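A.B. asks: Taking the UniProt record's numbering, the leading residue of the sequence shown gets 1, the next gets one more, and so forth. We treat Cβ as the ideally placed atom computed from N, Cα and C, and that holds for glycine. For clarity, every value in this text was computed on a predicted model and none was experimentally measured. Here it is: the structure, laid out below.
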Amino acid sequence: MEKRRKVSNPLALAVLVYLMAEPMHAYELGRRLQEHGKDRSIKYNRGSLYMVVEQLRKAGFVAERETVRDTQRPERTIYGITEAGRAELYDWMRELVAVPREEYPSFGVALSLLAVLAPAEGAGLLGRRLAALTEQAEEVRGVLRQAGEDQVHWVFLAEERYRLALVEAEIRFAADLAESLKDPTYERAWQRMREDMT
1 MEKRRKVSNP LALAVLVYLM AEPMHAYELG RRLQEHGKDR SIKYNRGSLY MVVEQLRKAG
61 FVAERETVRD TQRPERTIYG ITEAGRAELY DWMRELVAVP REEYPSFGVA LSLLAVLAPA
121 EGAGLLGRRL AALTEQAEEV RGVLRQAGED QVHWVFLAEE RYRLALVEAE IRFAADLAES
181 LKDPTYERAW QRMREDMT
């Protein structure tokens, strides 16, 4: 069963991981997250990053270490992970890796209501989705190729390999569904259903 957490934003988990490596200020955290491509897996902006750091501080998972100031930049607070933050990080990671979570992606919602669209329109829209998914798959393959050339250790590519597996599975699913929508028996059933509704 999923635990109720004091701070449950996935960005908070990334912040804890990065602060475990070394204390830093929020601006540096944001730079590293972007540099390491975490913005491909975690949705955030500078404002949300600062907000999450503050939530983690209030929860006792991070603490202010020092405030630095140089003449070029505004004052910056350096944060470090606390023992409570370390315990939360490991507990949260173990839960996320071990326990499947029910998620509600918007495509799943659209699929649950797909019968509202005419079969030909649905098939056409799925064709557009397939084109976009194919581009995404190529982009991820490019990231993986480049990482291989750069000799990035495989464990740091797990999220990209997972992303590719999901995209490839969705491509197969969408292609099969688009073909099913073109079946004349479905077209006739859809027409009858539409007539019954009017």
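Beta carbon of GLU88, beta carbon of PHE107: below 8 Å?
C.D. replies: Along the sequence shown, one-based indexing puts residue 88 at 88. Along the sequence shown, one-based indexing puts residue 107 at 107. Result no, Cβ atoms of GLU88 and PHE107 do not sit closer than 8 Å.
A.B. asks: Taking the beta strand (DSSP E) that ARG65 belongs to, which residues open and close that run?
C.D. replies: Sequence index remark: in the sequence shown, residue 65 carries index 65 (1-based). Counting along the chain, the beta strand (DSSP E) containing ARG65 begins and ends at 62–68.
A.B. asks: Under the DSSP definition of a beta bridge, which residues are partnered with ILE78?
C.D. replies: Stepping through the sequence shown from its first residue, residue 78 is reached at position 78. In the DSSP output, where bridge partners are listed per residue, ILE78 has HIS25, GLU66.
A.B. asks: Drop a sphere of 10 angstroms on the beta-carbon of HIS25, count the other beta-carbons inside from all chains shown, and report buried for 16 or more, exposed for fewer.
C.D. replies: In the sequence shown, counting from the first residue as 1, residue 25 sits at position 25. By the neighbour-count rule (16 or more Cβ atoms within 10 Å), HIS25 is buried.
A.B. asks: So, are the CB atoms of ALA59 and LYS6 less than 8 Å apart?
C.D. replies: Numbered from 1 along the sequence shown, position 59 holds the residue referred to as residue 59. Numbered from 1 along the sequence shown, position 6 holds the residue referred to as residue 6. It is a contact, given that the beta carbons lie within the stated cut-off.
A.B. asks: Going by the beta-carbon positions, is the gap between THR67 and THR82 smaller than 8 Å?
C.D. replies: Working through the sequence shown from its first residue, we reach residue 67 at position 67. Working through the sequence shown from its first residue, we reach residue 82 at position 82. Not closer than 8 Å, so no.
A.B. asks: For LYS58, name the three-state secondary structure that DSSP assigns.
C.D. replies: Within the sequence shown, numbered from 1, the residue matching residue 58 stands at position 58. DSSP places LYS58 in helix when its eight states are reduced to three.
A.B. asks: If we cut at 8 Å on Cβ distances, does PRO23 have a partner in chain D?
C.D. replies: In summary, chain D is missing from the structure at hand, where a single protein chain is found.
A.B. asks: Thinking C-beta only, is LEU56 closer than 8 Å to LEU126?
C.D. replies: Against the sequence shown, residue 126 aligns to sequence position 126. Against the sequence shown, residue 56 aligns to sequence position 56. Against a cut-off of 8 Å, the Cβ pair of LEU56 and LEU126 comes out as no contact.
A.B. asks: When DSSP labels each residue in this structure, what does VAL152 get in the three-state scheme?
C.D. replies: Counted from its first residue, the sequence shown places residue 152 at position 152. Of the three classes helix, strand and coil, the one that applies to VAL152 here is coil, per DSSP.
A.B. asks: So, under 8 Å CB-CB, TYR18 and LEU29 are touching, yes? Tell me the CB distance rounded to an integer number of Å.
C.D. replies: Taking the sequence shown and counting its residues from 1, the one referred to as residue 18 is at position 18. Taking the sequence shown and counting its residues from 1, the one referred to as residue 29 is at position 29. Yes, they are in contact, since the Cβ atoms of TYR18 and LEU29 sit about 6 Å apart, within 8 Å.
A.B. asks: Taking a contact to mean a Cβ-Cβ separation below 8 Å, would you say GLY80 touches ARG65 in this structure?
C.D. replies: For this step, residue 80 is matched to residue 80 along the sequence shown. For this step, residue 65 is matched to residue 65 along the sequence shown. Yes, these two residues count as a Cβ contact at 8 Å.
A.B. asks: If you follow the alpha helix (DSSP H) that TYR90 is part of, which residue opens it and which one closes it?
C.D. replies: For the purposes of this step, residue 90 is identified with residue 90 of the sequence shown, where counting begins at 1. It spans 83–98 - the alpha helix (DSSP H) in which TYR90 sits, taken as one unbroken run.
A.B. asks: Using 8 Å for Cβ pairs, my map puts GLU160 next to LEU144. What's the rounded Cβ distance?
C.D. replies: Translated into the one-based positions of the sequence shown, residue 160 becomes position 160. Translated into the one-based positions of the sequence shown, residue 144 becomes position 144. Right, their Cβ atoms sit about 6 Å apart.
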